[in-house]
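Residue numbers (UniProt numbering), protein chains in the order written: chain Y, 1 to 366; chain U, 1 to 124.
Cβ coordinates follow ideal geometry from the N, Cα and C atoms, glycine included.
Below is one structure, written out as structure tokens; comments come after it.
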């Protein structure tokens with residue numbers, strides 16, 4: 001392990017479980033355990049997987065009317081978010097691009113934020129600089145575990161009775177096996193499940209208790225990526241970045257209705273232009289028609305060989321049982337069913353624009 | 001019958017004028033679950049070290065290089081339907097291709113089993 005890599009509170013447990021460790025966003029993280037990505041992926045869809053996502057950034061934003069304050073940085077409707085409701089949100093730049101995607105929970109007198117690991121220093125610096133009258137408290141003493149899959153509520157209910165009643169995209173405080181946790185019914189796999197913010201010094205204890213249940217296996221970052229890709233969820237830095245607008249990224253739903261009219265967030269002008277006058281390119285699902293996966297940065301061509309776009313995420317979908325991808329194409333080629341070619345190792349491979357997600361999302365909505 | 005190994009983790013089973021080529025157990029273990037293999041066409045002339053096949057895991061694509069100079073005789077068609085054979089039987093049913101031995105002198109520079117084992121031990 002390179003000496004400048006950071007570790008999460010579960011690092012020793014990853015090594016003990018035979019995790020294959022790789023550098024990710026400055027952390028030494030397990031890309032897979034002994035079972036391998038395919039089995040870990042399938043296990044999460046069929047039973048329950050435990051992911052260490054402690055590398056992500058957690059923080060509280062505090063101050064009067066903090067819901068209105070964060071709206072100056074994001075196009076989401078946060079003022080309209082009910083108490084303990086969670087919203088998928090975007091931090092924007094002035095050009096209408098995306099600085100990061102993040103989760104915002106309305107905790108009443110404060111917000112609970114979760115941002116991407118690779119962006120967390122920049123995000124927190126930006127939020128603190130932009131909202132100097134508000135207190136940003138970094139939760140560096142907390143780990144984050146994701147328990148995902150259809151058996152997640154059954155498993156977690158054994159430790160925290162009633163937690164199975166928490167609704168998708170809502171948060172609550174629960175004692176899990178006696179450990180006080182902040183729990184969200186959310187995730188990055190398309191499955192039902194939870195994300196659990198736990199004090200760092202209790203994280204290994206909690207992880208061991210959850211892994212002690214028959215249904216639960218430890219899952220690495222490799223399966224985390226194939227799971228999110230199959231259900232069409234964006235990876236920041238690949239599918240969205242500083243150059244993609246939310247409209248180009250097909251994230252129109254993340255731009256609140258009221259916010260479109262009112263504005264007051266960076267890049268509002270570009271977002272409205274893209275909404276009203278249309279976009280030149282659009283993020284779509286792409287299904288290779290053969291067996292070969294097409295990876296990120298693969299060029300997409302039309303039937304005449306003109307380059308019309310690029311794959312931003314691509315690989316093999318273990319549940320879909322075939323290659324899956326997403327990427328940007330010129331708007332006129334974005335209709336579902338459009339035939340395109342993917343230029344893989346110099347050869348044109350047939351593919352078609354496909355509906356996202358490739359595998360249905362399954363959330364608990366009460 | 002002699003088996004030789006390359007530093008790119010390929011094995012070469014030499015049977016007279018011809019050789020069968022695949023990737024080692026060490027390689028399949030490092031790559032993880034194999035989901036696709038692209039094989040060279042029969043009749044293609046390859047130089048030692050030339051890209052001639054691709055093996056894709058869930059996570060990434062990797063090149064497979066010609067371990068010696070020669071002509072491709074056939075690719076293992078079984079891998080098209082069942083690429084996971086590379087994981088389950090890397091040095092058996094999961095072979096990649098058969099080729100002619102174009103230059104027998106090149107075989108002398110490849111590692112024998114003991115040398116390859118020592119090479120892998122040095123990587124961990």
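A Cβ of chain U is located within less than 7 angstroms of the beta carbon of residue 316 of chain Y.
Residue environment analysis places residue 336 of chain Y among the exposed positions, since fewer than 16 neighbouring C-beta atoms fall within 10 angstroms of its C-beta. Residue pairing by DSSP places residue 58 of chain Y opposite Y:114 in a beta bridge. Where residue 48 of chain Y is concerned, the enclosing beta strand (DSSP E) starts and stops at 48–52. Listed along the chain, the chain Y residues whose CB falls inside 7 angstroms of the CB of residue 33 of chain U are 36, 37 and 38. Taking CB atoms only, residue 190 of chain Y has no neighbour in chain U less than 7 angstroms away. Secondary structure note for residue 119 of chain Y: it is in no alpha helix (DSSP H), with a DSSP letter that is neither H nor E. Per DSSP, reduced to three states, the secondary structure at residue 241 of chain Y is coil, with no helix or strand assignment. Shown in chain order are the members of the region 51–74 of chain U whose Cβ falls below 8 angstroms from a Cβ of chain Y: 54, 56, 57, 58, 59, 60 and 61. Relative to residue 229 of chain Y, the option among Y:175, Y:304 and Y:294 whose CA is nearest is Y:294. When DSSP states are grouped into helix, strand and coil, residue 363 of chain Y belongs to the coil group. Nearest to residue 266 of chain Y by C-alpha distance, out of Y:95, Y:41 and Y:21, is Y:95. Here the alpha carbon of residue 77 of chain Y sits roughly 7 angstroms from the alpha carbon of residue 258 of chain Y. One thing to note: residue 157 of chain Y has its Cβ within 7 angstroms of the Cβ of residue 164 of chain Y. Among the residues of chain U, those whose CB is under 7 angstroms from the CB of residue 226 of chain Y are 58, following chain order.
Under the three-state reduction of DSSP output, residue 101 of chain U falls in the coil class, being neither helix nor strand. The shortest C-alpha to C-alpha distance from residue 223 of chain Y to any of Y:85, Y:344, Y:238 and Y:316 is the one to Y:316.
When C-beta distances to chain U are compared with 8 angstroms, the residues of the UniProt domain "Aminomethyltransferase C-terminal" (281–359) of chain Y below that value are 291, 292, 293, 295, 315, 316, 318, 323 and 345, in chain order. Approximately 6 angstroms separates the beta-carbon atoms of residue 286 of chain Y and residue 327 of chain Y; this is inside 8 angstroms, confirming the contact. Looking at the DSSP output, residue 51 of chain U sits in a beta bridge with U:65.
Secondary structure note for residue 15 of chain U: its beta strand (DSSP E) is the uninterrupted segment 10–15.
Residue contact with chain U for residue 19 of chain Y: absent (no Cβ-Cβ distance below 7 angstroms to any residue of chain U).
Put simply, the CB of residue 96 of chain U is far from chain Y, with every gap to its CB atoms at 7 angstroms or more.
A contact between stretches requires three or more CB pairs, one per stretch, nearer than 8 angstroms, and the region 306–320 of chain Y fails this requirement with the region 68–86 of chain U.
Ranked by how close their Cα comes to the Cα of residue 120 of chain Y, the residues Y:243, Y:58 and Y:12 have Y:58 in first place. Counting along the chain, the unbroken alpha helix (DSSP H) around residue 269 of chain Y starts and ends at 268–277. Taking a beta-carbon distance threshold of 7 angstroms, residue 119 of chain U does not count as an interface residue toward chain Y. Taking 8 angstroms as the upper bound for CB-CB distance, residue 23 of chain U and residue 10 of chain U are in contact here, some 6 angstroms apart. Looking at the backbone, the Cα of residue 212 of chain Y and that of residue 219 of chain Y are separated by about 14 angstroms. Residue range 152–159 is occupied by the alpha helix (DSSP H) that includes residue 153 of chain Y.
Cα atoms of residue 291 of chain Y and residue 65 of chain Y: separation of roughly 53 angstroms, rounded to the nearest angstrom. A check of alpha carbon separations from residue 160 of chain Y across Y:150, Y:178 and Y:143 identifies Y:178 as the nearest. Taking the beta carbon of residue 38 of chain U as reference, the chain Y residues within 7 angstroms of it are 292, listed in sequence order.
Contacts with chain U at 7 angstroms (Cβ-Cβ) do not include residue 85 of chain Y. The alpha-carbon separation between residue 263 of chain Y and residue 245 of chain Y amounts to approximately 15 angstroms. Residue 21 of chain U: member of the beta strand (DSSP E) spanning 18–23, first to last residue.
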